[in-house]
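J.: Quick one: structure below, then a few questions.
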Amino acid sequence: MVQLIGHKFKIAVFISGRGTNLKNLINFSKKNKTNWKISLVISNKKDAKGIKYAQHFKIPHKIFENKIKIFERKALIVLKKKKINILCLAGFMRILSKTFIKKIKIKILNIHPSLLPKYKGMNTHERVIQKKETFTGCTVHYVTPKLDSGKIIIQKKLKVYKKDNPKTLSKKVLLLEHRAYPEALQKICS
Ligand code: GRF
Numbered sequence: 204m205v206q207l208i209g210h211k212f213k214i215a216v217f218i219s220g221r222g223t224n225l226k227n228l229i230n231f232s233k234k235n236k237t238n239w240k241i242s243l244v245i246s247n248k249k250d251a252k253g254i255k256y257a258q259h260f261k262i263p264h265k266i267f268e269n270k271i272k273i274f275e276r277k278a279l280i281v282l283k284k285k286k287i288n289i290l291c292l293a294g295f296m297r298i299l300s301k302t303f304i305k306k307i308k309i310k311i312l313n314i315h316p317s318l319l320p321k322y323k324g325m326n327t328h329e330r331v332i333q334k335k336e337t338f339t340g341c342t343v344h345y346v347t348p349k350l351d352s353g354k355i356i357i358q359k360k361l362k363v364y365k366k367d368n369p370k371t372l373s374k375k376v377l378l379l380e381h382r383a384y385p386e387a388l389q390k391i392c393s
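In the numbering used here, the protein residues as written are 204 to 393.
As C-alpha cells, this is what we get:
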C-alpha cells in the first residue's frame with residue numbers, strides 16, 4: 204500500500220500504442236471516487252494512438268522517441284518534476300533498466316495479458332491456445348528488474364473455449380484488463 208495524506212496520488216502512465224488501458228484508467232478516475240488521478244502520460248512512440256486520450260483530457264504528455272537509456276533519463280526528470288507517486292505501464296513495449304527501476308523510488312505497476320507466472324513475454328494468447336489451456340486472464344503486478352515476475356496485485360481469469368482463437372481471447376482478456384487495472388490502483392491507493 205502507498206500512503207499519501209491530503210492530495211490524490213499522481214499516476215504517470217507509459218504507453219507505446221493504442222492506449223485503451225490508459226483511456227479506461229482516465230475514465231474510471233473521472234467517473235468513480237478515487238484518490239488517484241492520471242497526471243502524466245509518456246510515450247516512446249510519436250504515433251501511439253493513446254496520446255490522443257492524453258490530449259483530449261488535457262493531461263500533460265511527453266513523447267521521447269529515444270533509445271531506452273535516454274528515454275529513461277528524460278522520463279525520470281519529468282516524473283520528479285511532476286511529483287509522480289506511482290508509475291503504470293500500459294502497453295509499454297520497452298524493458299526498463301534495473302538502474303531506472305532502482306532510481307525512480309516509486310512503485311511501478313504493469314498489466315500483462317496472462318495469468319502470471321504463466322506466459323511471460325509476448326504472444327501470450329497464441330501460446331495459451333497452442334497449449335490448450337482451459338483458463339487464461341490478466342495480471343496486474345509490480346515491476347522488478349526480472350520481466351513479468353514482480354509481486355502480483357490482482358488477477359482476473361476467464362474460460363478458454365474450443366472455438367476461441369488468439370483474436371477472440373485478446374478481445375476478451377482486454378475487457379478483463381479494463382476492470383483489473385483500476386481495481387489494482389484502488390487497492391494499492393486505499
Ligand atoms: C494489453 O494487452 C496489455 O496487457 C499489454 O499490452 C496491451 C496494451 O493495450 N501489456 P492498450 O495499449 O492498453 O490498449
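Yeah, the Cβ is synthetic: ideal placement off N, Cα and C, and Gly gets one too.
Given 8 Å as the limit, is there contact between the segment 233 to 247 and the segment 262 to 271, that is, 3 or more CB pairs closer than that?
T.: Touching, per the Cβ criterion.
J.: DSSP three-state call for SER246: helix, strand or coil?
T.: Here residue 246 refers to the residue found at position 43 of the sequence shown. Note: SER246 maps to strand in three-state DSSP.
J.: Go ahead and label PHE231 buried or exposed: buried means 16 or more other beta carbons lie within 10 angstroms of its beta carbon, across all protein chains shown.
T.: Translated into the one-based positions of the sequence shown, residue 231 becomes position 28. Classification of PHE231: buried, given that the 10 Å Cβ count is 16 or more.
J.: Do you know how far the Cα of LYS240 is from the Cα of ILE229?
T.: Residue 229 sits at position 26 when you count from the first residue of the sequence shown. Residue 240 sits at position 37 when you count from the first residue of the sequence shown. Taking the straight line joining both Cα atoms gives about 7 Å.
J.: With a cut-off of 8 Å on the beta carbons, I'd call GLU386 and CYS341 a contact; round off their distance for me.
T.: Translated into the one-based positions of the sequence shown, residue 386 becomes position 183. Translated into the one-based positions of the sequence shown, residue 341 becomes position 138. The Cβ separation is near 11 Å, so there is no contact.
J.: Let me know if TYR364 comes out buried or exposed under the rule of 16 or more other beta-carbons within 10 Å of its beta-carbon.
T.: Locating residue 364 in the sequence shown gives position 161, counting from the first residue. TYR364 is exposed by the Cβ-count criterion.
J.: When the Cα of PHE191 is compared with those of HIS315, ALA293, VAL346 and THR337, which residue comes out closest?
T.: Nothing can be reported for residue 191, as the shown portion of the chain is limited to 204 through 393.
J.: In whole angstroms, what separates the C-alpha of SER352 from that of VAL281?
T.: Your numbering for residue 352 matches position 149 in the sequence shown. Your numbering for residue 281 matches position 78 in the sequence shown. Roughly 27 Å between the two C-alpha positions.
J.: Helix, strand or coil, according to DSSP, for THR237 in the structure here?
T.: Numbered from 1 along the sequence shown, position 34 holds the residue referred to as residue 237. Here THR237 sits in coil by DSSP.
J.: So, LYS213 versus ILE287, is the Cβ gap smaller than 8 Å?
T.: What you label residue 213 is simply residue 10 of the sequence shown in a count that begins at 1. What you label residue 287 is simply residue 84 of the sequence shown in a count that begins at 1. The answer is yes: Cβ separation under 8 Å.
J.: So does PRO315 have its beta carbon nearer than 7 Å to some heavy atom of ligand 1?
T.: Against the sequence shown, residue 315 aligns to sequence position 112. Reading the sequence as shown, one finds His at residue 315 and not Pro. For ligand 1, at least one heavy atom lies less than 7 Å from the Cβ of HIS315.
J.: If you reduce the DSSP assignment to three classes, tell me which class VAL363 lands in.
T.: Taking the sequence shown and counting its residues from 1, the one referred to as residue 363 is at position 160. VAL363 falls in the coil class under three-state DSSP.
J.: Considering only heavy atoms of ligand 1, does any lie closer than 7 Å to the CB of GLY222?
T.: Numbered from 1 along the sequence shown, position 19 holds the residue referred to as residue 222. Yes.
J.: For THR327 and PRO320, which I take to be in contact (beta-carbon distance under 8 Å), what is that distance rounded to the nearest angstrom?
T.: In the sequence shown, residue 327 corresponds to position 124, counting from 1. In the sequence shown, residue 320 corresponds to position 117, counting from 1. The Cβ separation is near 12 Å, so there is no contact.
J.: Buried or exposed, going by whether 16 or more other CB atoms sit within 10 Å of the CB of GLY222?
T.: The count along the sequence shown starts at 1 and reaches residue 222 at position 19. GLY222 is buried by the Cβ-count criterion.
J.: So, LEU225 versus ALA293, is the Cβ gap smaller than 8 Å?
T.: Working through the sequence shown from its first residue, we reach residue 225 at position 22. Working through the sequence shown from its first residue, we reach residue 293 at position 90. Yes, the Cβ-Cβ distance between LEU225 and ALA293 is below 8 Å.
J.: Report yes if the C-beta of ILE356 is less than 7 Å from at least one heavy atom of ligand 1; otherwise report no.
T.: As a position in the sequence shown, residue 356 is number 153, starting the count at 1. No, ligand 1 has no heavy atom inside 7 Å of this Cβ.
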